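Numbering follows our numbering, with no gaps: position 1 of the sequence shown is 1. All residues carry an ideal CB built from backbone N, CA and C; glycine is no exception. The structure displayed is predicted, hence computed values, not measured ones. A quick write-up on the structure given underneath.
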Amino acid sequence: MDNFVGWLNNVLWSPPLIIICIVVGLFFSFATRFLQLRLIPDMLRQMFKGKSSDAGISSFQALSVALSGRVGTGNIAGVATAIGLGGPGAVFWMWLIAFVGAATAYVESTLAQIYKVKQDGEYRGGPAYYIEKGTGMRWYGIVFAVATIISLTFLMPGVQANAIAEGLNNAFGMNKILTATIIAVLLGIIIFGGVKRIAGVAQFVVPFMALGYIIVALIIILINFSEIPAVFALIFKSAFGAEATFGGIVGSAISWGVKRGIYSNEAGQGTGAHAAGAAEVSHPAKQGLVQAFSVYIDTWFVCTATAFMILFTNMFSTKAPDGTYLFNKMGTADPGPQYTQAAVESVLPGFGSGFVAISLFFFAFTTIMAYYYMSETNVAYLTRGKNNRWAILAIKIVSMAAVFYGCVKTSEVAWAFGDTGLGIMVWLNIIAILILMKPALVALKDYERQKREGKDPVFDPEPLGIKNADYWVEKKTEDKQEVS
């Protein structure tokens with residue numbers, strides 16, 4: 001099995017996918033006239049606008065759910081892995097994929113809003129919905145939905161759970177079976193409460209956990225203030241092979257930077273689009289912009305905080321592809337939470353290990369919650385018009401079992417399965433949004449036109465030539481009836 005998973009990952013994460021992710025992000029950046037720079041003030045305003053309704057969640061709640069999926073173990077363990085296997089230069093490539101990925105996140109999240117549906121009294125949206133409605137290829141939507149359920153229920157939760165167990169064991173010597181039991185029980189309490197409870201927990205936990213983590217990183221940076229130029233030079237030189245120690249692994253820096261960048265910020269993966277489709281907004285572009293900024297929060301803020309803590313303290317080791325060490329400060333410790341724990345501990349003795357373990361718990365646990373929500377959305381897609389109570393119950397139980405198992409298996413196996421799930425989803429979603437990009441670009445032009453006219457943009461798909469946006473057509477009819 002391990003050999004098969006390794007072979008499959010080599011296929012899924014071959015150089016073509018890495019090139020495609022960068023090229024697609026660049027293409028969307030040019031197509032949107034670099035909205036990720038032009039519209040940052042608008043992104044910030046839209047984050048706190050809009051209110052939840054009986055059917056949908058607010059923009060901020062949708063942002064929090066999306067961030068709970070994005071800000072996870074990839075921000076701590078994933079960054080350490082990228083540095084351990086790709087060197088400090090991998091951090092630059094994570095930054096780059098976040099910049100171009102923000103445009104990709106806008107496109108997929110706007111599509112999720114355009115083609116969302118009101119199902120069983122709740123808004124549902126995401127790649128499976130926009131693939132079917134936008135292309136007419138229901139079979140493609142079904143393939144994505146099935147792949148997503150498998151990935152987010154069976155494969156990827158184990159990465160998050162394993163990181164929690166490793167972090168708590170390293171910091172407090174906590175038994176992994178006990179950790180597994182606690183995580184599974186807490187997850188059950190939240191997911192059995194439904195989408196509203198997931199959104200409520202996310203909007204409370206996510207801002208505080210991210211802010212606290214960044215504050216500690218800033219303390220470490222300030223203590224090592226004189227090293228700032230040297231660290232930036234190390235990152236940029238290593239990214240392009242100009243640094244003697246890491247010059248021979250530029251390919252690994254690009255590969256691991258892009259892979260871990262996508263794993264962390266999820267741009268192009270389609271996961272963030274699920275939360276975007278659940279938001280209550282007057283125009284799809286509004287939520288698209290909010291989700292674009294969430295990529296920045298994830299990578300430029302939280303991932304960078306981890307990278308700086310590790311690099312400012314030199315608490316890392318980097319291996320060449322042949323297994324020899326290019327730099328070794330961490331001995332035989334596997335790249336992961338231990339690097340970040342050692343970094344904080346070296347500056348704040350007696351505090352660092354426990355702080356990172358607790359941060360990792362919240363980061364990874366909220367991601368597991370988000371994974372469940374996305375799995376449920378795809379089950380809802382597959383069972384429209386049918387009684388799906390038993391199917392929903394099944395994925396709740398499987399999700400709890402998956403995190404329990406993930407806590408006790410090795411980190412190498414956990415990451416291998418996680419990479420497999422992510423690779424499948426990225427391939428399917430990237431192809432879909434390339435086919436479907438036009439409605440998202442049209443929606444952006446319509447949004448900006450209405451803004452220039454001094455209006456609060458309201459979406460009407462029919463004059464724009466966007467078909468099968470049934471929710472919005474029905475909403476327009478309902479609004480007219482209310483007025484009359």
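Is residue i helix, strand or coil by DSSP?
{"i": "phenylalanine 320", "result": "The sequence shown places alanine at residue 320, rather than the phenylalanine named in the question. Looking at alanine 320 - three-state DSSP - the assignment turns out to be coil, as it is neither helix nor strand."}
{"i": "tryptophan 124", "result": "The identity of residue 124 in the sequence shown is arginine, whereas the question assumes tryptophan. Residue state, collapsed to three classes: strand."}
{"i": "phenylalanine 240", "result": "coil"}
{"i": "lysine 486", "result": "This structure cannot speak to residue 486, because the chain is shown only from 1 to 484."}
{"i": "phenylalanine 34", "result": "coil"}
{"i": "asparagine 328", "result": "strand"}
{"i": "alanine 333", "result": "coil"}
{"i": "leucine 348", "result": "coil"}
{"i": "lysine 49", "result": "coil"}
{"i": "glycine 268", "result": "coil"}
{"i": "arginine 384", "result": "coil"}
{"i": "leucine 39", "result": "coil"}
{"i": "methionine 137", "result": "coil"}
{"i": "threonine 245", "result": "coil"}
{"i": "glutamate 108", "result": "helix"}
{"i": "serine 375", "result": "helix"}
{"i": "glutamate 280", "result": "coil"}
{"i": "serine 399", "result": "helix"}
{"i": "serine 14", "result": "coil"}
Would you report the Cα separation of residue i and residue j, rounded to the nearest angstrom?
{"i": "alanine 128", "j": "arginine 384", "result": "12 Å"}
{"i": "isoleucine 149", "j": "alanine 230", "result": "44 Å"}
{"i": "glycine 423", "j": "glycine 158", "result": "16 Å"}
{"i": "lysine 386", "j": "threonine 377", "result": "14 Å"}
{"i": "valine 398", "j": "valine 258", "result": "30 Å"}
{"i": "tyrosine 381", "j": "arginine 33", "result": "33 Å"}
{"i": "isoleucine 235", "j": "arginine 197", "result": "41 Å"}
{"i": "asparagine 162", "j": "valine 344", "result": "21 Å"}
{"i": "valine 426", "j": "alanine 31", "result": "20 Å"}
{"i": "phenylalanine 312", "j": "phenylalanine 361", "result": "24 Å"}
{"i": "threonine 81", "j": "proline 335", "result": "5 Å"}
{"i": "proline 16", "j": "phenylalanine 351", "result": "43 Å"}
{"i": "glutamine 203", "j": "serine 64", "result": "5 Å"}
{"i": "valine 302", "j": "threonine 477", "result": "43 Å"}
{"i": "isoleucine 20", "j": "phenylalanine 172", "result": "42 Å"}
{"i": "lysine 455", "j": "valine 473", "result": "20 Å"}
{"i": "alanine 469", "j": "valine 403", "result": "37 Å"}
{"i": "tyrosine 372", "j": "glycine 167", "result": "22 Å"}
{"i": "asparagine 224", "j": "arginine 260", "result": "26 Å"}
{"i": "tyrosine 447", "j": "alanine 440", "result": "10 Å"}
{"i": "methionine 137", "j": "glycine 248", "result": "45 Å"}
{"i": "isoleucine 215", "j": "lysine 133", "result": "44 Å"}
{"i": "isoleucine 164", "j": "glycine 194", "result": "24 Å"}
{"i": "glutamine 341", "j": "glutamine 46", "result": "35 Å"}
{"i": "leucine 178", "j": "isoleucine 189", "result": "17 Å"}
{"i": "serine 109", "j": "alanine 278", "result": "10 Å"}
{"i": "leucine 464", "j": "proline 457", "result": "14 Å"}
{"i": "phenylalanine 365", "j": "threonine 73", "result": "9 Å"}
{"i": "asparagine 429", "j": "phenylalanine 28", "result": "14 Å"}
{"i": "glycine 421", "j": "glutamate 453", "result": "44 Å"}
{"i": "isoleucine 183", "j": "glycine 78", "result": "20 Å"}
{"i": "phenylalanine 316", "j": "tryptophan 7", "result": "28 Å"}
So residue i and residue j are in contact, right, with Cβ under 8 Å, and what is the actual spacing, rounded?
{"i": "isoleucine 22", "j": "isoleucine 76", "result": "Incorrect: roughly 24 Å between the Cβ atoms, too far for contact."}
{"i": "glutamine 36", "j": "alanine 217", "result": "Not confirmed; about 23 Å, so no contact."}
{"i": "histidine 274", "j": "glycine 125", "result": "7 Å"}
{"i": "phenylalanine 192", "j": "lysine 396", "result": "7 Å"}
{"i": "valine 91", "j": "isoleucine 220", "result": "Not really, about 15 Å apart at Cβ, beyond 8 Å."}
{"i": "glycine 87", "j": "serine 255", "result": "The pair is not a contact, with the Cβ atoms about 11 Å apart (cut-off 8 Å)."}
{"i": "glutamine 113", "j": "glycine 288", "result": "7 Å"}
{"i": "valine 290", "j": "methionine 43", "result": "6 Å"}
{"i": "asparagine 265", "j": "threonine 299", "result": "5 Å"}
{"i": "leucine 26", "j": "methionine 374", "result": "So it is not a contact: roughly 27 Å between Cβ atoms."}
{"i": "alanine 102", "j": "valine 295", "result": "5 Å"}
{"i": "alanine 267", "j": "alanine 443", "result": "About 18 Å separates the two Cβ atoms, so there is no contact after all."}
{"i": "valine 107", "j": "isoleucine 433", "result": "5 Å"}
Name the two residues that bound the continuous alpha helix (DSSP H) containing residue i.
{"i": "histidine 274", "result": "271 to 277"}
{"i": "isoleucine 310", "result": "304 to 313"}
{"i": "valine 79", "result": "77 to 86"}
{"i": "valine 295", "result": "284 to 296"}
Looking at chain D, is there any beta carbon in it that lies within less than 8 Å of the beta carbon of residue i?
{"i": "serine 151", "result": "Here there is only one protein chain, and chain D is not present."}
Quiz item: In the stretch 157 to 233, which residue ranges form an unbroken alpha helix (DSSP H) of at least 4 residues, counting only runs that do not cross its ends?
Solution: 157 to 172, 176 to 191, 195 to 223
Self-check item: Runs of alpha helix (DSSP H) lying entirely within the stretch 408 to 476, each at least 4 residues, in chain order
Solution: Runs found: 411 to 452.
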